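Quick note: the sequence shown uses our numbering, first residue 5, plus one each step. Don't be surprised by glycine CBs; every beta carbon is placed ideally from N, CA and C. Keep in mind the model is a prediction, meaning the values are calculated, not measured.
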Amino acid sequence: MTEDKESFPQNFLSDPLRQHKPYIPGEQPSSAERTIKLNTNENPYPPSPSVGDKAAEEIKKLNLYPNPKSNQLRKVIASLHQISMEQVIVGNGSDDLLNLCVRAFADSNRSVGMLDPSYSLYEVLASIQGAQLIRIPFASDDFELPLKKVTNCSANLFFLTSPHAPSGRAYQLELLDSVAGNFNGVLVIDEAYADFAQQNAIPLLAKYPNVIITRTLSKSYSLAGLRVGYAMGNPSVIQVLDRAREVYNLDRIAQAIAQAALEDQKYFKETKQKIIESRIWISDIFAEWGWRMIPSATNFIFCKPLDHSGTGGAQIANSLYSFLSTQGILVRYFPQNKLTESYIRISIGMPEEMSMLVSKIKEWQHQGQLK
Ligand SMILES: Cc1ncc(COP(=O)(O)O)c(C=O)c1O
C-alpha cells in the first residue's frame with residue numbers, strides 16, 4: 005500500500021460514506037435491567053404460540069439453504085391481502101425493503117423525498133446511496149398531509165409513512181389516492197402500523213403501478229426480533245426490487261415462523277384488540293388531564309405532557325422523559341424538531357405497564373408541585 009497507513013481506510017472510502025451518519029435505534033436495555041420498555045413500538049405480547057413448533061422443525065434442516073424466494077411465505081401474504089404472489093417481496097424487516105427501494109430508485113441524480121418529521125431511516129438510506137434528500141415539512145403540529153407539496157416535489161422516490169410516525173395520525177384512503185395519482189415518481193407508503201388503523205392503502209395497488217406498500221411483522225405480529233417485513237406492488241416493480249435483493253435474505257427459521265404467525269389470524273386479532281383497548285384506556289386518561297394528543301391509528305400515543313400547573317413545552321416533555329427513565333420506564337423523546345419537542349411518544353405496553361406509567365406520571369406531577 006503506497007498511501008499513508010495512518011489515514012487508512014478513510015482515504016479509500018466511497019464518497020457517500022464519507023459524510024454518512026448512521027441510524028440510531030431506540031435504546032435496548034440489557035436483559036438484566038428491569039425496565040418497562042415503551043420506546044420502540046414493539047408488541048408487548050409474545051408471538052403466536054404456534055411459531056415454536058415450526059421453528060423447531062426448521063432447526064433440523066439448517067444444513068440446507070432456505071428457499072431463496074421465500075415462495076411459501078409469499079403465497080401466504082398474497083392470499084392474506086388477495087393479491088398475486090408476483091406482487092409480493094419479503095425482506096429482513098421492512099427496513100430491508102425500504103433499503104431495496106432506495107437501491108432501485110435513487111442515486112446521485114434521483115432524489116429521495118420524505119415527510120419531516122417521519123421515520124429517520126429514510127434519510128440514512130438516501131445518504132448511503134449518495135442521493136439528495138428532499139424534506140417536506142408539515143404546516144402545523146396536527147400533522148395534516150401537505151398534499152400539494154408532496155405531489156409537486158421533484159423526488160424520484162417518496163416515502164410516505166401512513167399511519168404517520170411519530171404522530172400516529174391516520175391518512176384517509178382518498179388522500180393517499182390523490183398523492184399516488186398526482187405524484188410523478190415511485191411512491192412508497194410505509195404501513196408499518198397499518199394493522200392498528202381502520203384503513204390501509206392496499207386498494208391503491210390495483211390502480212397505480214407507481215405505489216409500493218411496505219409492511220412489517222415487527223409490530224402487529226410481535227416479531228421484532230425475527231426481522232421479517234414485506235413489500236407489495238406492481239409485478240414489474242417487485243421484479244426490479246428482487247434484482248437488488250440479497251439471494252437468501254430470509255433464513256429458514258424466519259420464513260417458517262413468519263408463515264406460522266400470519267396463519268394464526270385468531271391470535272393476531274386478539275392481541276391487536278388488546279393493544280387497541282389499552283390505547284383507548286391511556287388516551288382517555290391523558291384527555292382527562294387535558295393533554296394534547298394526535299388521535300392514534302397505531303400502537304403508540306404521541307402526547308404533549310402538562311405539568312401540575314397545566315404548563316407544557318419542550319422543557320416539560322424533556323423533564324417527564326428524564327424522570328420516567330430514572331424510574332425504569334423508557335419512552336421516546338424527539339427534541340430535534342419544533343413539532344415534536346413538546347411531545348413524547350409512548351408505545352402501548354401490557355395493561356399493568358400502562359398502569360405503572362400512569363402512577364409514575366402522577367408522581368412526577370406531584371414532585372413538581374412540591375418544588
Ligand atoms: C415507520 C416505520 N417504518 C419501518 C419500521 C421498521 O420496521 P422493521 O422492524 O420491519 O424493520 C419502523 C420501525 O420502528 C417504523 O417505525
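- Excluding the five sequence neighbours on either side, which residues of its own chain have a C-beta within less than 7 Å of the C-beta of L208, listed in chain order? Counting only Cβ-Cβ distances below 7 Å, and skipping sequence neighbours, we find L180, D181, A184 and V215.
- Message: According to DSSP, simplified to helix, strand and coil, what is V215?
- Response: Secondary structure of V215 (DSSP, three-state): strand.
- Under 8 Å between C-beta atoms of G172 and S300: Between G172 and S300, the C-beta spacing is below 8 Å.
- Indicate the three-state DSSP secondary structure (helix, strand or coil) for L104 in the structure shown. For L104, the secondary structure class from DSSP, reduced to helix, strand or coil, is helix.
- Query: ligand 1 heavy atoms versus the CB of G372: any closer than 7 Å?
  - Reply: Relative to the non-hydrogen atoms of ligand 1, the Cβ of G372 never comes closer than 7 Å to any of them.
- Kindly indicate the opening and closing residues of the alpha helix (DSSP H) around P20. Start and end: D19 to Q23.
- Look at the alpha carbon of V55 and the alpha carbon of L221, and state the distance between them as a whole number of angstroms. Approximately 13 Å, taken between the alpha carbons.
- Task: Considering only heavy atoms of ligand 1, list every residue whose Cβ is less than 6 Å from one of them, following chain order.
- Result: A Cβ closer than 6 Å to some heavy atom of ligand 1 marks a residue here, and those residues are N45, G97, S98, D99, Y123, T165, A169, D194, A196, T220, S222, A228 and G233.
- Using beta-carbon positions only, say whether P121 and L343 come within less than 8 Å of one another. Yes, these two residues count as a Cβ contact at 8 Å.
- Item | Spatial neighbours of T165 in its chain, beta-carbon cut-off 7 Å, leaving aside the 5 residues before and after | Hits under 7 Å: L119, S122, Y123 and D194.
- Task: Specify the secondary structure class of L310 as computed by DSSP and reduced to three states.
- Result: Coil at L310, not helix or strand.
- Contacting residues, own chain, Cβ-Cβ under 6 Å from L174 (five flanking each side not counted): One detail in the question is off: residue 174 reads as Ala in this sequence, not Leu. Only P167, A201 and A301 meet the Cβ criterion.
- Message: If you follow the alpha helix (DSSP H) that V92 is in, where does it begin and where does it stop?
- Response: Not the alpha helix (DSSP H): V92 falls in the beta strand (DSSP E), residues V92 to G95.
- Query: Taking just the CA atoms, how far does Y126 sit from V163?
  - Reply: Checking the sequence shown, residue 163 turns out to be Phe, not Val. Spanning the two alpha carbons is a distance of roughly 7 Å.
- Message: I need the DSSP call for F200, collapsed to helix, strand or coil.
- Response: In the three-state scheme derived from DSSP, where H, G and I count as helix and E and B as strand, F200 is classed as helix.
- Task: Identify whether V154 lies in helix, strand or coil by the three-state DSSP scheme.
- Result: The three-state reading of DSSP puts V154 in helix, counting H, G and I together.
- Less than 8 Å between the CB atoms is what I'm expecting for S158 and S115, so what's the real figure, rounded? Indeed they touch by this definition, with Cβ atoms about 7 Å apart.
- Query: How do the stretch 73 to 83 and the stretch 93 to 113 stand: do at least 3 beta-carbon pairs fall below 8 Å, yes or no?
  - Reply: As far as the Cβ criterion goes, the stretch 73 to 83 touches the stretch 93 to 113, which means the pair count is three or higher.
- Query: Does DSSP put R231 in a helix, a strand or coil?
  - Reply: R231 falls in the coil class under three-state DSSP.
- Under 8 Å by Cβ, that's how I've got L42 and L361 pegged, so tell me the actual separation to the nearest angstrom. Sure, about 7 Å apart at Cβ, within 8 Å.
- Task: Grab the span of the beta strand (DSSP E) containing M118 for me, first residue to last.
- Result: V116 to D120 is the extent of the beta strand (DSSP E) around M118.
- Given a threshold of 16 other Cβ atoms within 10 Å of its Cβ, counted over all protein chains shown, does L328 qualify as buried or as exposed? Its Cβ being crowded by 16 or more others within 10 Å, L328 is buried.
- Message: Tell me which residue opens and which closes the alpha helix (DSSP H) that L177 is part of.
- Response: Counting along the chain, L177 sits inside the alpha helix (DSSP H) bounded by residues L177 to N186.
- Query: Beta carbon of G117, beta carbon of I81: below 8 Å?
  - Reply: No, the Cβ-Cβ distance between G117 and I81 is not below 8 Å.
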